[in-house]
Every structure is written in C-alpha cells, then in structure tokens.
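Using my numbering, the first residue of the sequence shown is number 2, and each one after it goes up by one.
Worksheet: one structure, shown below.
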Amino acid sequence: MKRESMSLFAALLVSLLVNVLLRSQTAYHTRAGLAAAVFCVPILAAVGWLFAHCWRLTADPVLKLLFGALLVYTSVLELLRLWQLAGRLYPGAVTLTSICLLVVLPVVYLRRVSALSQTAHAALCLLVVATAVMLVSVLPRLRVTNLQIAPLTQGDLLAAAKDQLTLYPEYLLPALWPEQDKRGRHTLLRLAAWALSFDVGMHFVLELFYGAAMPLRVDPVHAAARCGALSIFNRLEWLQFILWVMAVTVKLALYLYALVRLLGGQSKAENSAAGLDRFLLYVGGIWLLCAVLRKTDLDTALPLRSALTWGFAVLTWIGGAAACLYKKLRRA
Numbered sequence: 002m003k004r005e006s007m008s009l010f011a012a013l014l015v016s017l018l019v020n021v022l023l024r025s026q027t028a029y030h031t032r033a034g035l036a037a038a039v040f041c042v043p044i045l046a047a048v049g050w051l052f053a054h055c056w057r058l059t060a061d062p063v064l065k066l067l068f069g070a071l072l073v074y075t076s077v078l079e080l081l082r083l084w085q086l087a088g089r090l091y092p093g094a095v096t097l098t099s100i101c102l103l104v105v106l107p108v109v110y111l112r113r114v115s116a117l118s119q120t121a122h123a124a125l126c127l128l129v130v131a132t133a134v135m136l137v138s139v140l141p142r143l144r145v146t147n148l149q150i151a152p153l154t155q156g157d158l159l160a161a162a163k164d165q166l167t168l169y170p171e172y173l174l175p176a177l178w179p180e181q182d183k184r185g186r187h188t189l190l191r192l193a194a195w196a197l198s199f200d201v202g203m204h205f206v207l208e209l210f211y212g213a214a215m216p217l218r219v220d221p222v223h224a225a226a227r228c229g230a231l232s233i234f235n236r237l238e239w240l241q242f243i244l245w246v247m248a249v250t251v252k253l254a255l256y257l258y259a260l261v262r263l264l265g266g267q268s269k270a271e272n273s274a275a276g277l278d279r280f281l282l283y284v285g286g287i288w289l290l291c292a293v294l295r296k297t298d299l300d301t302a303l304p305l306r307s308a309l310t311w312g313f314a315v316l317t318w319i320g321g322a323a324a325c326l327y328k329k330l331r332r333a
C-alpha cells in the first residue's frame, strides 16, 4: 500500500479507539471478548471491503444523501455523548454550546487531509501515552483473582459478538477516498484488528481492576484512572478532557471530509480542503441538531445508529449487486 493511501489511517483508528474510552459501561468479560474477536475482526474487514466494492459500482445520489445523513447523525451523537460524559464527571461545568465550540471550531484547521493526518497521529500518540500512564497508575490495584473463571455460555459469546460487531461509519469511509483501487483489504483488516484488540485489552484491565462488578460500573475507564496510585488524573483532569476533545474533533473532521466528498463535489486531489462556506453550514447545522436532540437517550440512540449503519451497508450491497447484474445483462 502506498504511503498516501495510509494518510487517513491514523484518523480512522483514533475515531474507533475513542469509542472505547468514552463508553459509559462495559459490555462483556474478557474471555468472551477474546473468543469473539477472532471471528469479528475478519467480519468487520469483509463488511468494509464489500461495501467499498459495491460503492464503486453504484453512484446513486440517494445513497449519497443517506450516507451523508448517517454521518451528520453520528456527529451529533458523538457531541452529545461527550457532553453527557462531561456533565456526569464535572456537573454544571460544561454546557452543550461550549462542547460544540470546543470540538467543532478546531475542525476549521483540519479541513485539509495533511493537517488532519498530522493531528490524528499526534492524538494517537497522546492516547497511547495516556493509556500507558493509566495502566501504571492502576497497576497496584490489579488483581489476577478478579478474572472471571466461570464457564463461558452462549449468551456471553453472543453479547461480546454483538458489541464487537457494532458497525461504525469508519469502516465504510475508506470507500470514499481517492484512488480506491490502491487500497488493499489489509487496511480494513488492520483497522478492525487494532480497534478490537484495544477494546478487549481495556476490558481485560477493567476486569482485573473491578472483578465481577465491572459491567455495573459507570464510566469505568475514567473511574479507574481516578482511583489509581498516581495523582495526575485527579490534579490534571483538564488534560484528559482536552485529549477527549481532541480525539472527537479528529472524528468530526473525518466526517466533514467525507461529507464534502459525498455532497460537495470535492476535487479528486486527496489533500484538497473543504470550503469555508460548507464549514460554516456544518457548524451551524451540528449545533442546531445538538440543541434539538439534547434530551436523546444515548443508550437507545447508539445501538440504533449501528443498526442504521448495517442497514445502509446492506442497501449498498444490494445496489452494487443490481448494478453488476445490469452490466452483465447489457453485455449479453
């Protein structure tokens, strides 16, 4: 794979990793997640590859509008999730408007792929460092005896597979990048492998920390970091909050770039920037939708978003199959 085709890999990976850090509760125990990941990684990679192949076969404007609507809806949910998390951890300190401004305004700098790529690599490094510091901090409180040794049931495996097969738009976005034919299927395989490995790894650490009570903990990653031996997460929590904002900003910049390619007639040059006129419309629209949907139940909305993404992927597969069949009939 050529270097330019990997320019957005870090942004895709950051967008997936931040889902693990900002989740309100865990979904499975480690052994079930490890067993399920063996099957879920290739499934997610195959879904993304098949979507990209079918997307090239059909250029239906309706599908583009649906994809754009899905990205806007996901952007709103990400902002609301960050706002609700901040509200639980710092009651009364952060308003919805301030979250929108903190996250969305920096996207103006990330309208060009080169800037987005550099910022994503920086955010990825900071996420790795912050995770390492958290592990060192909680290390004295990790207990091997906290690991669950009860036999795995079919329900455990299904719960883990259901969570890991959450289909995020990041697995579909590579279909929109220029020079698609130069991107091999290994990109999606590596993306899914890194994302699920991080997910299972965090579940492992949290199970060592909480034991059987892990699924009942709210905001488990942040709560564990606060209980660690190092005081950095208590005294410098604003740095952690900035890291969250930075990661979500990368996610929204990625979605904006995809939206412009879908709906705005983006140039074929991969490093071309989105116009400021589109950006201003994007900021206003996102803020308005957040204000309208601020009371949304995210425990219901996030699974619904995954179901909509799966439905959109299946619809694209059907459209691609129909386009392929039509071409073959015309040749005949």
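Each residue gets a CB set at the ideal place from its N, CA and C atoms; glycine is no exception.
Residue i and residue j closer than 9 Å at C-beta
i, j, result
"Y283", "V108", "yes"
"P221", "T31", "no"
"A254", "L71", "no"
"L153", "A38", "no"
"A131", "L294", "no"
"G34", "Q155", "no"
"M215", "H204", "yes"
"A176", "G49", "yes"
"Y29", "A193", "no"
"F242", "A87", "yes"
"L330", "K65", "no"
"V19", "K296", "no"
"Y334", "L158", "As shown, the chain starts at 2 and ends at 333. That puts residue 334 outside it, with no answer to give."
"L14", "A121", "yes"
"R191", "F10", "yes"
"L174", "A94", "no"
Distance cut-off 8 Å: residue i Cβ against heavy atoms of the ligand NAD
i, result
"C126", "This structure does not include the ligand NAD; it has no bound ligands of any sort."
Reduced DSSP secondary structure (H/G/I, E/B, other) of residue i
i, result
"C55", "helix"
"S25", "coil"
"M7", "Unreliable placement is indicated for M7, whose pLDDT of 44 sits below 50; the coordinate value is still reported in the next sentence. Three-state DSSP puts M7 in a helix."
"Y74", "helix"
"C228", "coil"
"W195", "helix"
"T154", "coil"
"Y283", "helix"
"K269", "Model confidence at K269 stands at a pLDDT of 49, short of 50, so the residue's coordinates are unreliable; what they give is reported in the following sentence. Residue state, collapsed to three classes: coil."
"V63", "helix"
"K252", "helix"
"T96", "coil"
"K328", "helix"
"D200", "helix"
"Y91", "coil"
"L143", "coil"
"N20", "helix"
"I298", "The amino acid occupying residue 298 in the given sequence is Asp; Ile does not appear at that position. The answer is coil: DSSP assigns D298 none of H, G, I, E or B."
"R262", "helix"
"R113", "coil"
"H223", "helix"
"V206", "helix"
"Q149", "coil"
"H122", "helix"
"Y169", "coil"
"R218", "coil"
"W178", "coil"
"H187", "helix"
Residue from the options with nearest C-alpha to residue i
i, options, result
"L240", "L51, L303, A124 and W195", "A124"
"V129", "L22, Y29, L35 and L207", "L22"
"A196", "G320, L158, L58 and T167", "T167"
"W318", "A151, L260, A47 and F199", "A47"
"R227", "K163, V139 and R306", "V139"
"T250", "A151, R112 and L190", "R112"
"L90", "S25, L173 and V15", "S25"
"R262", "P43, W178, L106 and A302", "W178"
"K163", "F40, L316, A302 and V145", "F40"
"A133", "L305, L303 and F199", "F199"
"L316", "A60, G286 and S115", "A60"
"P43", "T146, V114, L102 and H187", "H187"
Cβ distance (whole Å) where residue i is taken to contact residue j below 8 Å
i, j, result
"L17", "Y169", "6 Å"
"A324", "L58", "4 Å"
"L299", "L81", "6 Å"
"V246", "V104", "6 Å"
"Q149", "A225", "About 17 Å separates the two Cβ atoms, so there is no contact after all."
9 Å Cβ cutoff, residue i in contact with chain C
i, result
"A292", "Of the protein chains in the structure, only one exists, and it is not chain C."
*Inspect the CB distances between the segment 75-89 and the segment 283-300 and report whether three or more fall short of 8 Å.*
yes
_Inter-stretch contact (C-beta, 8 Å, three-pair minimum) for the segment 94-113 and the segment 306-323_ = no
*Does the segment 210-228 come close enough to the segment 52-71 to have 3 or more Cβ pairs within less than 8 Å?*
no
*May I ask you to verify whether the segment 52-71 touches the segment 197-210, counting CB pairs closer than 8 Å and requiring at least 3?*
no
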